[in-house]
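Trainee:
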Amino acid sequence: MRMNKTGFCKWMVCLTPMVLADAAMATIFILQPTDDAYVGTRFQWPAVNPNYYAYGTRTYMDNYSYNSGGNYQYYYSFLKFDLSTLPSNTIIESAVLHLRGFDGSYLYPTSIARMTSDSWTEDTISWNTQPSAGAGLADETSWTTDNGTFWMTRELNIAAWSYADDVQDNAVTLRLTRSLDSTTASYRTSEYGVGSIPYLELSVVPEPGAAGLLLTGGYGLMCSLRRRRASRC
Numbered sequence: 003m004r005m006n007k008t009g010f011c012k013w014m015v016c017l018t019p020m021v022l023a024d025a026a027m028a029t030i031f032i033l034q035p036t037d038d039a040y041v042g043t044r045f046q047w048p049a050v051n052p053n054y055y056a057y058g059t060r061t062y063m064d065n066y067s068y069n070s071g072g073n074y075q076y077y078y079s080f081l082k083f084d085l086s087t088l089p090s091n092t093i094i095e096s097a098v099l100h101l102r103g104f105d106g107s108y109l110y111p112t113s114i115a116r117m118t119s120d121s122w123t124e125d126t127i128s129w130n131t132q133p134s135a136g137a138g139l140a141d142e143t144s145w146t147t148d149n150g151t152f153w154m155t156r157e158l159n160i161a162a163w164s165y166a167d168d169v170q171d172n173a174v175t176l177r178l179t180r181s182l183d184s185t186t187a188s189y190r191t192s193e194y195g196v197g198s199i200p201y202l203e204l205s206v207v208p209e210p211g212a213a214g215l216l217l218t219g220g221y222g223l224m225c226s227l228r229r230r231r232a233s234r235c
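To convert a position in the sequence shown, counted from 1, into this note's numbering, add 2.
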């Protein structure tokens, strides 16, 4: 069958909405952490050496930051999530971290960063062995919260997330920190039990074919965020 230029253009116009419709079928994944813990360090004059802390089995984790006159104290919180349940050839459309805070923690600005290594566990992590920070996924701002339940949420910047790297080991680690203000932010951990376990909410869509992405101008962006085990872009 011959197709003139007008017919070809009509075919292209029809194809593009089909590709977009297919990509719009999102699936929500709720991931609970495999590990959650917090670590700390403290130096108080006239001590000679700093003290180090590691808390991997407590029912809460803390964020704290203080530095004045040579005395300092810091607490960093870590959560690791297993990504192995996410289907291949999919794209993360959005990512939201949910924590249950207490003692007014929703008021305290917190920054969230992705770590470059996921080899730690809550039983072995320490201040001196904590993984290095990678890209920031959320600036230091207050949480969105439901004051009735004290659940707090922060949307993560997926454009800054090196998702292809995390697919290689099927895990992502997030670190929570606070700037200097001498106020402790506290969140429940998995050890606290049902109803308070942290979770990462991911909205995932099928990866369109390369042709469809070229039509919609989205190939470059999707390349960096997709899940594909066999190869990267």
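Note that beta-carbon positions come from the ideal geometry of N, C-alpha and C, so glycine has one too.
When DSSP labels each residue in this structure, what does Asp183 get in the three-state scheme?
Mentor: Three-state result, Asp183: coil.
Trainee: Inspect the CB distances between the region 63–79 and the region 154–168 and report whether three or more fall short of 8 Å.
Mentor: Counting Cβ pairs under 8 Å, fewer than three are found: no touch.
Trainee: To the nearest angstrom, how far is it from the Cα of Asp24 to the Cα of Ser107?
Mentor: The pLDDT assigned to Asp24 is 45, lower than 50, so where the model puts this residue is not dependable; a value taken from the coordinates is nonetheless given after this. Cα-Cα distance, rounded: 40 Å.
Trainee: By Cβ distance, which residues of its chain are closer than 6 Å to Ser96, with the 5 residues on each side in sequence left out?
Mentor: For Ser96, where only same-chain residues beyond five positions count, the Cβ hits under 6 Å are Ser205.
Trainee: For Thr87 and Thr143, I'd like the C-alpha separation in whole angstroms.
Mentor: The straight-line gap from Cα to Cα measures roughly 30 Å.
Trainee: Using DSSP's beta-bridge definition, name the partner residues of Trp153.
Mentor: DSSP lists Arg102, Asp148 as partners of Trp153.
Trainee: Tell me the DSSP secondary structure of Tyr194 in three-state form.
Mentor: Helix, per DSSP.
Trainee: Does the distance from the C-beta atom of Val41 to that of Tyr66 stay below 9 Å?
Mentor: Cβ distance not < 9 Å, so Val41 and Tyr66 don't count as in contact.
Trainee: So the candidates are Phe104, Lys82, Asp148; which of them puts its Cα closest to the Cα of Thr186?
Mentor: Comparing Cα-Cα distances from Thr186 to each of Phe104, Lys82, Asp148, the minimum goes to Phe104.
Trainee: Taking its Cβ as the centre, do 16 or more other Cβ atoms sit within 10 Å of Pro200, making it buried, or is it exposed?
Mentor: Buried: at least 16 other Cβ atoms inside 10 Å.
Trainee: Among the candidates Pro210, Pro208, Arg190, whose CA atom is the shortest distance from the CA of Asp37?
Mentor: Comparing Cα positions, the closest option is Arg190.
Trainee: Determine the direct distance from the alpha carbon of Asn53 to that of Phe45, and round the result to whole angstroms.
Mentor: Distance between the alpha carbons of Phe45 and Asn53: 6 Å.
Trainee: Measuring only from the beta carbon, is Ser192 closer than 8 Å to any heavy atom that is part of the ligand SAM?
Mentor: Within the structure as shown, the ligand SAM is missing, as the structure has no ligands at all.
Trainee: Throw me the rounded Cβ distance for the Ile114 and Leu182 pair, which I believe falls under 8 Å.
Mentor: That belief does not hold up - the Cβ atoms of Ile114 and Leu182 are roughly 18 Å apart, past 8 Å.
Trainee: At what residues does the beta strand (DSSP E) containing Pro75 begin and finish?
Mentor: Sequence inspection shows Gln at residue 75; the Pro mentioned does not correspond to that position. First-last of the beta strand (DSSP E) with Gln75: 73–84.
Trainee: Given this structure, state the Cα-to-Cα distance separating Thr59 from Met27, to the nearest angstrom.
Mentor: Going by the C-alpha atoms only, they are around 38 Å apart.
Trainee: Since Asp37 is in the beta strand (DSSP E), which residue starts that stretch and which ends it?
Mentor: It spans 35–45 - the beta strand (DSSP E) in which Asp37 sits, taken as one unbroken run.
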